[in-house]
Amino acid sequence: MDHISTTNLRTQSSKLVATLKKGGVVSLIHQSKVIGVIKPKKEVKVITATDIEELKKLAKEQDLPKISYDEREKIYRKHLLDKYGKDIS
Numbered sequence: 468m469d470h471i472s473t474t475n476l477r478t479q480s481s482k483l484v485a486t487l488k489k490g491g492v493v494s495l496i497h498q499s500k501v502i503g504v505i506k507p508k509k510e511v512k513v514i515t516a517t518d519i520e521e522l523k524k525l526a527k528e529q530d531l532p533k534i535s536y537d538e539r540e541k542i543y544r545k546h547l548l549d550k551y552g553k554d555i556s
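Note that our numbering numbers the sequence shown so that position 37 is 504, with each residue one more than the last.
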């Protein structure tokens, strides 16, 4: 099913649901014009404890230096000064 009319929505809803469950996309037609597209909802992946552990392991492998907020602010201000000049507030 690649298209469905607004009048057939009520009678062919089971076909529409089946198509959406398979991951298909359906065009909605009203008065011989395509007025929209019906597509399945994308599932959001939930972060699990194992994902968190993998992220921690990757961060540890990168071995980035620890920077305090003051040092980070100082580096950021220097970057802005180099990029835009001393006329910024």
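Every residue, glycine too, gets a C-beta built ideally from N, C-alpha and C.
Asked                                                                         : Found
Opposing strand residues paired with Ser-588 [DSSP bridges]                   : The question about residue 588 has no answer here: the residues shown for the chain are numbered 468 through 556.
Length of the line joining the Cα atoms of Ser-452 and Val-493                : One cannot answer for residue 452 here, as it falls past the ends of the chain, which runs 468 to 556.
Cα-Cα separation between Asp-549 and Tyr-543, rounded to whole angstroms      : 10 angstroms
Where the alpha helix (DSSP H) through Gly-519 begins and ends                : Contrary to the premise, residue 519 reads as Ile rather than Gly in this sequence. Taken as a continuous stretch (DSSP letters only), the alpha helix (DSSP H) holding Ile-519 covers 516–529.
Check whether Ile-446 and Ser-472 have beta carbons under 8 angstroms apart   : In this structure the chain extends from 468 to 556, so residue 446 is not present and cannot be described.
For Leu-495, the first and last residue of its enclosing beta strand (DSSP E) : 493–497
Inter-residue Cα distance where the pair is Leu-531 and Leu-525               : 11 angstroms
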